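Accompanying notes for the structure given below.
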Amino acid sequence: MSEAHQTPALPDRLSIDPNSTHYNAAVFEHDIGIRFNEKERFDVEEYCVSEGWVKVPAGKKVDRKGKPLLLTLKGKVEAFYK
Numbered sequence: 005m006s007e008a009h010q011t012p013a014l015p016d017r018l019s020i021d022p023n024s025t026h027y028n029a030a031v032f033e034h035d036i037g038i039r040f041n042e043k044e045r046f047d048v049e050e051y052c053v054s055e056g057w058v059k060v061p062a063g064k065k066v067d068r069k070g071k072p073l074l075l076t077l078k079g080k081v082e083a084f085y086k
């Protein structure tokens with residue numbers, strides 16, 4: 005129970021990109037999971053629970069800066085601590 009007090013609340017929107025305004029380093033100190041349409045996903049780059057979408061890489065394609073191209077998938081999103 006003391007561990008629950010040490011973990012910050014999961015935000016409604018979170019990104020793994022440190023340059024994003026939705027990046028939160030305190031959350032990434034803990035192991036997080038994303039459940040999308042009742043299945044756990046391990047390739048999520050960004051999510052938004054209230055709007056119901058996740059962004060995942062589009063295969064091995066990258067943009068001109070070397071970052072992966074992202075697809076937006078809509079559905080039921082749940083974020084949780086493992």
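Just so you know, we're using this note's numbering here: the sequence shown kicks off at 5 and counts up by one.
In this text, a Cβ means the ideal position worked out from N, Cα and C, and glycines have one as well.
Since we're looking at a predicted model, the values are computed, not measured.
When the Cα of S54 is compared with those of E82, P12 and Q10, which residue comes out closest? Taking only the C-alpha atoms, the option nearest S54 is E82.
Helix or strand or just coil, what does DSSP make of V53? It is coil, neither helix nor strand.
Which residue spans inside the segment 12 to 67 form an unbroken beta strand (DSSP E) run of at least 3? 17 to 19, 36 to 40, 43 to 45, 50 to 52 and 57 to 66, all fully within the segment 12 to 67.
Select from H26, K59 and A62 the residue whose C-alpha is nearest the C-alpha of R17. R17 has its Cα closest to that of H26, out of H26, K59 and A62.
Of all the CB atoms in chain B, is at least one closer than 9 Å to the CB of R68? The question asks about chain B, but that chain is absent: this structure has only one protein chain.
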